[in-house]
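For the sequence shown, numbering that gives the first Met the number 0 gives the first residue as 0, with consecutive numbering after it.
The beta-carbon is built from N, C-alpha and C at its ideal position, and this holds for glycine as well.
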Amino acid sequence: MRLRSVPLGVASLLLMVIALTASVRSFAALQPSGFPAWLQAHVGDGDGQISKIVLERARALYLKKVAQGAVKNPCYFAMDATRPGDLGSGVLGRRYYVICEASQSFRAISSGHGGGRNLKGTVDFSNGRRCSKNFGNAMDSELTAGGAYMTREAKTSFKGFYRTGAKQDAAFLRTFIQFDGEGEAANARQRVIGGHAAQVLRGMCLRKNPNSSYADHDGFVPFGKLVEYAGGRSNGCTSWSPADAQQIISMVKDNPTTLYIYPESRDIAAVSANRSQSGGRPYWNASCLKEIGAPKFWPRKTLEPMIAQYEKDHPAPPSQPLPICKGS
């Protein structure tokens with residue numbers, strides 16, 4: 000067969016196709032049908048391990064986004080919200096996972112779950128500190144919604160001052176990582192769902208500090224007591240200890256990655272019916288399932304009208320200005 004010269008543009012295209020094919024082949028070794036041996040060692044249902052179905056879905060989501068060019072971060076995240084958040088005696092359950100396959104790194108850390116709400120006289124979809132029974136994607140529900148997420152922009156905001164020592168104050172600046180979700184979690188941005196340190200200022204008042212860049216027009220700044228609630232509940236966001244939050248935020252700032260949160264509504268339905276699509280018993284953390292009885296997913300089309308009606312019938316009192324701190 001006689002060979003013909005190939006135009007430079009076509010040759011470049013062929014090289015790109017060859018490179019892309021090689022890239023796809025390299026990912027074929029990382030398909031979610033099987034885990035690398037080092038990662039398989041972390042699979043299990045014990046504390047500090049990741050359950051198989053959670054890793055399968057988190058890994059599949061990450062590889063999909065990498066193949067699409069949406070993610071270049073070498074690490075990805077997963078969370079198993081069926082596991083206990085508080086093991087008692089000051090020990091927190093490790094149910095949030097940081098996985099970096101390129102460096103063969105796996106970390107399991109604590110994370111808060113959505114506290115939900117108790118609309119007294121109407122409906123109770125609140126959660127305890129240890130286990131989450133209620134899940135959902137309704138606005139103002141303060142519930143965790145499982146599914147696929149991407150980390151997005153980081154927003155740092157000033158919350159106020161707090162006392163660090165004898166007559167020494169510090170500004171509390173908390174960074175929030177916005178999440179964008181898919182499917183049932185597609186309204187994550189509207190719900191202001193993301194990740195942040197489990198810290199908040201309580202007992203707020205106003206203190207005179209006219210020289211501060213944060214002072215209002217009257218020369219006052221907000222002041223409160225810094226409280227950490229790593230073992231508590233969130234308003235639907237993913238919350239981490241301050242040390243873990245610092246590390247995670249540095250990993251994803253200007254470098255987005257994926258987060259998969261288990262369970263989705265289909266998993267909750269399967270557990271409630273005690274069946275799975277594969278015919279086996281559906282996965283749920285055994286100790287929490289025993290405690291909660293049966294989980295429940297609250298779809299937004301059902302819960303949002305109930306919340307709206309409750310808030311209409313029980314309007315919030317007018318907001319009051321912060322009091323002046325004693326001794327100011």
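Under the three-state reduction of DSSP, which class applies to G146: helix, strand or coil?
strand
Quiz item: What's the gap between the Cα of C287 and the Cα of A66?
Solution: 36 Å
To the nearest angstrom, how far is it from the Cα of P281 to the Cα of F175? 34 Å
Specify, as a first and last residue, the run of the beta strand (DSSP E) that S104 falls within.
S104 to I108
>> Which residue wins for smallest C-alpha separation from L205, given the options V191, L321 and H41?
In response: From the listed residues V191, L321 and H41, the smallest Cα separation to L205 is found for L321.
Suppose you measure from the CA of G127 to the CA of L62; what does that come to, to the nearest Å?
34 Å
Worksheet entry | 8 Å Cβ shell around A80 - same chain, five flanking residues per side excluded | R94, H112, S131, F134, T143, G145, I260, Y261 and P262
Exercise for review: Could you check how far apart the C-beta atoms of F124 and H41 are, in whole angstroms? I think they sit under 8 Å.
Suggested key: Contact flag wrong, Cβ pair sits at about 33 Å.
According to DSSP, simplified to helix, strand and coil, what is A59?
helix
task = Ignore the nearest five residues each way along the sequence and tell me which others in E181's own chain have a CB closer than 7 Å to its CB.
result = Cβ within range, chain order: G146 and A147.
Residues that R201 bridges to, as DSSP identifies them: According to DSSP, R201 bridges with K224.
Discussion item. Does H195 pass the burial test, meaning 16 or more other C-beta atoms within 10 Å, or should it be called exposed?
Written reply: buried
Q | Proximity test, R265 beta-carbon vs the ligand GTP heavy atom, cut-off 7 Å | A | Because no ligand of any kind appears in the structure shown, any question about the ligand GTP cannot be addressed here.
CB-CB length for M78 against S110, believed under 8 Å: 6 Å
- Pull up the DSSP beta-bridge partners for L118, would you. V122
- Message: With H, G and I counted as helix, E and B as strand and the rest as coil, what does DSSP make of G84?
- Response: coil
Residues bridged to K273 [DSSP beta-bridge criterion] = The sequence shown places Asn at residue 273, rather than the Lys named in the question. Paired residues: none, contrary to the question.
- [ ] Please work out which residues of its chain come closer than 8 Å, Cβ to Cβ, to A315, disregarding the five sequence neighbours upstream and downstream, and give them in chain order.
- [x] none
Next on the checklist: Suppose contacts are defined by Cβ-Cβ distances below 8 Å. Is G235 in contact with R201 by that definition?
Outcome noted: no
Start-to-end residues for the beta strand (DSSP E) that takes in A244:
Premise fails: A244 lies in the alpha helix (DSSP H), P241 to V251, not in any beta strand (DSSP E).
Only counting the same chain, and skipping five residues up and downstream in sequence, which positions put a Cβ closer than 7 Å to that of L13?
Below a pLDDT of 50, predicted positions are generally treated as unreliable, and L13, at 41, falls in that range; the measurement from the model is reported next regardless. Excluding sequence neighbours, L13 sits near nothing in its chain.
For this session: Tell me whether K325 sits in a helix, a strand or coil according to DSSP, three-state version.
Result: coil
request  = Leaving aside the five residues before and after V199 along the sequence, list all residues of the same chain whose C-beta is less than 6 Å from its C-beta, in chain order.
outcome  = V226
Checklist entry - Near V70, what residues of its chain come up, given a Cβ to Cβ distance below 8 Å and the 5 sequence neighbours on each side ignored? => result Y61, K64, M149, P255, T256 and T257
By Cβ distance below 6 Å, which residues in the same chain neighbour A107 in space, the five residues on each side in sequence not counted? G47, R93 and Y96
Practice task
Would you mind sorting I49 into buried or exposed? The rule is 16 or more other CB atoms within 10 Å of its CB.
Solution key: buried
- Message: In the DSSP assignment, the beta strand (DSSP E) including C287 goes from what residue to what residue?
- Response: Counting along the chain, C287 falls outside any beta strand (DSSP E), though it belongs to the alpha helix (DSSP H) covering A285 to I291.
message = Helix, strand or coil for D217? Go by DSSP, reduced to three states.
response = coil
query: Going straight from the alpha carbon of L86 to that of P294, what length do you get?
result: 19 Å
Inset, instruction - Let me know the secondary structure DSSP gives D139 once reduced to three states. - result: coil
_For I291, which residues in the same chain have their Cβ closer than 6 Å to its Cβ, ignoring the five residues on either side in sequence?_
C130 and K132
For Y213, which residues from the same chain have a beta carbon less than 6 Å from its beta carbon, with the 5 sequence-adjacent residues on both sides left out?
F157 and V220
- Looking at D179 and A187, is the spacing between their C-beta atoms short of 8 Å? yes
Practice item. Along the alpha helix (DSSP H) that carries Q308, what are the first and last residues, could you check? Key: R299 to D312
query = Quick one: is E183 buried, meaning 16 or more other Cβ sit within 10 Å of its Cβ, or exposed?
reply = buried
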